[in-house]
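If you read the sequence shown in the numbering used here, its first letter stands for residue 530, the second for the next number, and so on.
Comments concern the structure below.
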Amino acid sequence: MLRIFETPESVSQAAADFILSVGKKAVGERGGFSLVLSGGSTPRQIFDLIALRAADFRELWAATKFFWGDERCVPPDHADSNYRMAREHLLEPLAIPDDRIHRMKGEDPDSDRAAAAYEKLFPPQPDLILLGMGEDGHTASLFPGTAAVGESQRIVVPGLAPVEPTRRLTITPPAIRSARNVLVVTTGEGKAPALARVFAAKGSLDETPARLVREATWFVDRDAAGQLKNPTIAPEGETP
Ligand code: 6PG
530 MLRIFETPES
540 VSQAAADFIL
550 SVGKKAVGER
560 GGFSLVLSGG
570 STPRQIFDLI
580 ALRAADFREL
590 WAATKFFWGD
600 ERCVPPDHAD
610 SNYRMAREHL
620 LEPLAIPDDR
630 IHRMKGEDPD
640 SDRAAAAYEK
650 LFPPQPDLIL
660 LGMGEDGHTA
670 SLFPGTAAVG
680 ESQRIVVPGL
690 APVEPTRRLT
700 ITPPAIRSAR
710 NVLVVTTGEG
720 KAPALARVFA
730 AKGSLDETPA
740 RLVREATWFV
750 DRDAAGQLKN
760 PTIAPEGETP
C-alpha cells in the first residue's frame, strides 16, 4: 500500500500515527510491542512527533521493546550512530529504561561477532519494522550490489555502504519478511528515481534493494512520488 502526502511533515505525522496505532493494537492483542527502528533524517522527525505525545501513550511505551534494523559501525555516542539519534529523539524523551533498549553493537571491531550476537536478541516476529530508503534504492543497510541483499539464512549480517561510515550491521531480507508490519517512509525528489524503480514492473533486488519491501506500507511525499509510472499503483491519502 502506497500513500502519497503533500509534504514531508504530513508524511512524518502519518508515520507517527501509524506507529502509535500498530503499537496499541500489538499491546492489546499480545501484551507487548516490538518496534524496530531505522536511522536517517525522516525517522528523526517521526521520533520528535511521537515524543511530543509521550504523555498520552504511557501504557504503550511501558510495554514496548526497541530494536534496530541497521547500525553504522561507530561507538554509541558517535554523531553517526543510529542508536544515538534514537536515544536523543525518542528513547530519552519517552524515558525508556535500558533493559528494553536492544541496540546493535556498532562499536565492536568484529562485525561478524556483533551480527551473530544481535541475531540472538532480534525478535522472531517483530510487530513493526520502520525503514527508510536511500537515493540509491538501499533500505536498512542493504546497499545495491552487496552480499547482504542476497542473504537468505541469517537474520543479521555485516553490511557495506558506499559512503562513510562504510562498515554497517544490518538486518537481512529474511528478518524483514518475518515482521508483522513494515512501514517505509521516504521524502524528497532525490528519492524519486529509486521509488520509480521499486514499483516498476521489472527490476532487480540487487540494483534496488528496496524492491524487497514493495508489499510494505509506504508513506511518501509528492516529490518522492514524482516519477512513479506504474499505473497499477493507486495512491491514497492526500494525493497531489
Ligand atoms: C541508515 C538508514 C538508512 C536510511 C536511508 C534513508 O542507517 O542510514 O537506516 O537505510 O533509512 O538512508 O535515510 P534518510 O531518511 O536520511 O534519507
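Ideal placement from N, C-alpha and C gives every residue a C-beta, glycine not left out.
Query, Result
"Reference L660, options D609, E588, A704, A644, closest by Cα", "A704"
"Cβ neighbours of E765 in the same chain (closer than 8 Å, five flanking residues each side left out)", "Its pLDDT being 48, under 50, E765 is placed unreliably in this model, and the value from its coordinates should be taken loosely. So the list reads M530, L531, R532, I533, once near-sequence residues are dropped."
"Alpha-carbon to alpha-carbon, V727 and A646", "31 Å"
"Rounded C-alpha distance that separates D751 from G717", "Just to set this straight, residue 751 is Arg in the shown sequence, not Asp. Cα to Cα, the separation comes out at about 8 Å."
"For G688, the residue or residues it bridges with in DSSP", "R697"
"Candidates I658, A739, G755, S681, of which the one nearest F562 by Cα", "I658"
"Cβ-based neighbour list, L589, same chain, cut-off 8 Å, excluding 5 preceding and 5 following", "L549, G552, K553, V556, F562"
"Residue range of the beta strand (DSSP E) that includes F534", "531-534"
"Alpha-carbon spacing of D735 relative to A677, whole angstroms", "10 Å"
"Best match in P622, L671, A753, P605 for proximity to L689 [C-alpha to C-alpha]", "L671"
"Boundaries (first-last residue) of the beta strand (DSSP E) holding S567", "Where S567 is concerned, there is no enclosing beta strand (DSSP E), given that its DSSP letter is neither H nor E."
"Bounding residues of the alpha helix (DSSP H) (the contiguous stretch that carries D641)", "640-650"
"Spatial neighbours of E664 in its chain, beta-carbon cut-off 8 Å, leaving aside the 5 residues before and after", "G719, K720, P722, A723"
"Assigned exposure category for P760 - 16 Cβ within 10 Å defines buried", "For P760, the predicted model reports a pLDDT of 39, less than 50, meaning its position is unreliable; a value from the coordinates is still stated below. Per the 10 Å Cβ criterion, exposed."
"Identity of the residues DSSP links to K594 by a beta bridge", "S563"
"Enclosing alpha helix (DSSP H) for V727 [first to last residue]", "721-728"
"Per DSSP, the bridge partner or partners of E600", "L698"
"CB contact flag (R683, T699, <7 Å)", "no"
"Coil, strand or helix - D627 by DSSP", "helix"
"Paired residues, beta bridge with I658 - DSSP", "V565, V711"
"Check: S610 C-beta below 6 Å from any heavy atom of ligand 1", "no"
"Enclosing beta strand (DSSP E) for F586 [first to last residue]", "First-last for F586: undefined, no H or E at that position."
"Backbone CA spacing between V565 and D546 [nearest angstrom]", "16 Å"
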